[in-house]
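Encoded as structure tokens, the structure appears first; notes follow it.
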Amino acid sequence: MIEKRLTALMAGTVLLALTAGTASAYLPEGKTFRERAGSVASLTVADVASDPAAIALKAAIAIAPAKETFLEKRDRAAMTEFYSERDYKPVWVNDGRLTPAAQAVMARIALAAEDGLDPAAYSLPAKTLGSTAPLGPDLAAAVEITLDRALLTYARQAYAGRLDPAAVGKLITIKPLLPDPVAILASVSSAPDAAAAVDGYNPPHAGYRALKAALAEARQQTPADAPAPIAEGKLLKLGVSDARVPLLRARLGLAPVTDNPDLYDNALAEAVARFQASSGLKADGAAGGNTIAFLNGVGKNNTAEIIANMERWRWMPRDLGAFHVAVNVPEFEVRVVDDGKVVHQTRVVTGKITNQTPIFSDEMESIVVNPSWNVPASITMKEMLPNVRRDPSYLSRNGYQVLARVGGKVVPVSPSSIDWSTASARNIQIRQVPGDDNALGSIKFLFPNEHAVYLHDTPSKSLFQRDSRAFSHGCVRVQNPLDFADVLLTYEGGWTKQRLRKMIGGRESWVKLPKKIPIHITYFTAFVDDAGKLQTRPDIYGYDARVERALGL
């Protein structure tokens, strides 16, 4: 007697109805798979007579759900191709019982929460099916397809994420590749270790694996583990007395003092400076608003933030490049990585909230020494023209040229020949010639892309001392660009620091890189540092909030 129906299969066509140790297939129309599929599956009496399990599986795959999504249709086509090549012989059910590989795949998918995924998204057959009595052909086919669909969905989401990056932000132009569903079924079903094959669809990057471990640790925290927050207030610095000092000392692991416990002493200033350095803050030893905010973030439960960042790892290319450049926008840092090791790291300035740096991957192709700056139309309209209208000498004083179309050609013209009251970016181009005041500084790094952004030097060095460095119009300014260039050109071979520096101050010169260098503009607000400590950064563009909301975290 069937007491409870637990799993809906085939989009409502087949339901597995289970009792203690028994199972049966429930077909709402009271027909077998062969009768339901009719001519769609091109079945013959000989087929049924020779292999009832194969014919049931073939017919089951042929039945399309009433409302079939694109991905469901894609998966069903993949199952047809996969099983047709093996004469519709099942891979997860043998002699009416789940195979060891099937049990291993189900056990691994059941751990999806550890991967930052949702186990409820993968409908799995009950692991006890067939343990008491062998499954009949129809139910065996339903189990086979149920596990196929769960595996294909898990592998796809583990590999490429659950969200479309473009839906999170229009300036996120990473395009994750979906794994081939036929290859998924073939590789996992034939793998010596099926669970390991399933796990392999998760990102291979060390950064992802470290976040997975951090997620497990975060889930072990209880509300009582979260430390009391430090209240905001005036700047805490050496020599100041404040009631918040004892709590600050405790948060930094310093022993309490009995003599003048509210005094901000040398030991506390040094501990604050160490914390600031480890958090990417200016290590001045004074606890201001930013430092207090970062301290209050330490120890809180970051489960949702970690999962959001694990999702973004799934959008990244599987192969970042043995030698590559990685800019992390919320961290305001750029790293050069060689064979998994950071060989150079420095600060960067990234786009303002109103002029965000896009998130994407590309290849660096060339370096320009003593670059000119062709002012983008948006900056011309919003900033340049108002300045010129107020001060006609603005352009010449700052080393800008004006180009206009004359006789069908774009040529330099005198600024005084332009009627600035009616001028627009449609009929003029403003260009800043190379020099000490050039907005791009002495060098820029090009990787042609749809956003027209690049890395470059800047004369505005003071901004690198700020904790939050979102000040640019979208491009990425590099703090030590010549040192950065040295590392890149050393990889290319044949270059020395002296050779590059001799070029500074001359005419504009292009260096084409013989080997293109992968570059990744990323957005990770949570990551694990070299000491194994979870680091978090402010969600400056709001991407965490959007990902968390979309995933229901």
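Heads up: the sequence shown runs through residues 812 to 1364, numbered per the working numbering.
Glycine included, C-beta positions come from ideal geometry on N, C-alpha and C.
In angstroms with no decimal places, state the Cα-to-Cα distance between residue i and residue j.
{"i": "residue 1050", "j": "residue 1348", "result": "29 Å"}
{"i": "residue 1350", "j": "residue 1150", "result": "29 Å"}
{"i": "residue 1329", "j": "residue 1247", "result": "29 Å"}
{"i": "residue 1119", "j": "residue 1304", "result": "39 Å"}
{"i": "residue 918", "j": "residue 1087", "result": "43 Å"}
{"i": "residue 1298", "j": "residue 1052", "result": "46 Å"}
{"i": "residue 1392", "j": "residue 1108", "result": "Any property of residue 1392 remains undetermined from this structure, which presents the chain solely from 812 to 1364."}
{"i": "residue 1346", "j": "residue 972", "result": "22 Å"}
{"i": "residue 1371", "j": "residue 1038", "result": "A question about residue 1371 goes unanswered here, because the residues of the chain that appear run from 812 up to 1364."}
{"i": "residue 1276", "j": "residue 1095", "result": "11 Å"}
{"i": "residue 1022", "j": "residue 1343", "result": "10 Å"}
{"i": "residue 1308", "j": "residue 1323", "result": "17 Å"}
{"i": "residue 755", "j": "residue 1002", "result": "As shown, the chain starts at 812 and ends at 1364. That puts residue 755 outside it, with no answer to give."}
{"i": "residue 1069", "j": "residue 1059", "result": "15 Å"}
{"i": "residue 1154", "j": "residue 1147", "result": "6 Å"}
{"i": "residue 993", "j": "residue 1237", "result": "51 Å"}
{"i": "residue 1015", "j": "residue 1139", "result": "19 Å"}
{"i": "residue 1197", "j": "residue 1191", "result": "9 Å"}
{"i": "residue 1063", "j": "residue 1156", "result": "26 Å"}
{"i": "residue 1306", "j": "residue 995", "result": "45 Å"}
{"i": "residue 944", "j": "residue 920", "result": "25 Å"}
Look at residue i and residue j and say whether their C-beta atoms are less than 9 Å apart.
{"i": "residue 1091", "j": "residue 1357", "result": "no"}
{"i": "residue 1158", "j": "residue 1145", "result": "yes"}
{"i": "residue 969", "j": "residue 1013", "result": "yes"}
{"i": "residue 1359", "j": "residue 1028", "result": "no"}
{"i": "residue 1007", "j": "residue 952", "result": "no"}
{"i": "residue 1171", "j": "residue 984", "result": "yes"}
{"i": "residue 869", "j": "residue 909", "result": "no"}
{"i": "residue 1019", "j": "residue 1121", "result": "yes"}
{"i": "residue 1243", "j": "residue 1177", "result": "no"}
{"i": "residue 903", "j": "residue 950", "result": "no"}
{"i": "residue 1272", "j": "residue 1290", "result": "yes"}
{"i": "residue 862", "j": "residue 899", "result": "yes"}
{"i": "residue 1295", "j": "residue 1174", "result": "no"}
{"i": "residue 1279", "j": "residue 1162", "result": "no"}
{"i": "residue 1241", "j": "residue 1213", "result": "yes"}
{"i": "residue 1005", "j": "residue 915", "result": "yes"}
In or out: residue i buried (at least 16 other Cβ within 10 Å) or exposed?
{"i": "residue 911", "result": "exposed"}
{"i": "residue 941", "result": "buried"}
{"i": "residue 1203", "result": "exposed"}
{"i": "residue 1167", "result": "buried"}
{"i": "residue 1031", "result": "exposed"}
{"i": "residue 1233", "result": "exposed"}
{"i": "residue 948", "result": "buried"}
{"i": "residue 881", "result": "exposed"}
{"i": "residue 1266", "result": "buried"}
{"i": "residue 976", "result": "buried"}
{"i": "residue 1072", "result": "exposed"}
{"i": "residue 1099", "result": "buried"}
{"i": "residue 988", "result": "exposed"}
{"i": "residue 1310", "result": "exposed"}
{"i": "residue 1354", "result": "buried"}
{"i": "residue 847", "result": "Below a pLDDT of 50, predicted positions are generally treated as unreliable, and residue 847, at 42, falls in that range; the measurement from the model is reported next regardless. Classification for residue 847: buried."}
{"i": "residue 1066", "result": "exposed"}
{"i": "residue 1285", "result": "buried"}
{"i": "residue 1218", "result": "exposed"}
{"i": "residue 1221", "result": "exposed"}
{"i": "residue 1216", "result": "exposed"}
{"i": "residue 1363", "result": "exposed"}
{"i": "residue 1223", "result": "exposed"}
Could you pull the start and end residues of the beta strand (DSSP E) that residue i belongs to?
{"i": "residue 1173", "result": "1171-1180"}
{"i": "residue 1320", "result": "1320-1333"}
{"i": "residue 1307", "result": "That residue, residue 1307, is in no beta strand (DSSP E); it is neither H nor E in DSSP."}
{"i": "residue 1281", "result": "1281-1283"}
{"i": "residue 1256", "result": "1254-1257"}
{"i": "residue 1143", "result": "Careful: residue 1143 lies outside any beta strand (DSSP E) and carries neither H nor E."}
{"i": "residue 1275", "result": "Careful: residue 1275 lies outside any beta strand (DSSP E) and carries neither H nor E."}
Between which two residues does the alpha helix (DSSP H) holding residue i run?
{"i": "residue 1424", "result": "The question about residue 1424 has no answer, for the chain in this structure spans 812 to 1364."}
{"i": "residue 863", "result": "863-873"}
{"i": "residue 893", "result": "881-895"}
{"i": "residue 1020", "result": "1017-1031"}
{"i": "residue 1060", "result": "1056-1062"}
{"i": "residue 1108", "result": "1100-1108"}
{"i": "residue 1118", "result": "1114-1126"}
{"i": "residue 1211", "result": "From DSSP, residue 1211 is part of no alpha helix (DSSP H) but of the beta strand (DSSP E) over 1211-1217."}
At a threshold of 8 Å, does residue i count as lining the ligand ADP (C-beta to nearest heavy atom)?
{"i": "residue 1143", "result": "Annotation note on the ligand ADP: not contained in the displayed structure, which lists no ligands."}
Checklist entry - Touch check for the segment 1338-1347 and the segment 1316-1323: three-plus C-beta pairs under 8 Å? => result no
Checklist entry - Would you say the segment 923-932 touches the segment 880-887, given that touching needs at least three Cβ pairs under 8 Å? => result no
Next on the checklist: Would you call the segment 1077-1084 in contact with the segment 1130-1139, where contact means no fewer than 3 C-beta pairs closer than 8 Å?
Outcome noted: Contact between the segment 1077-1084 and the segment 1130-1139 is absent, because fewer than three Cβ pairs lie under 8 Å.
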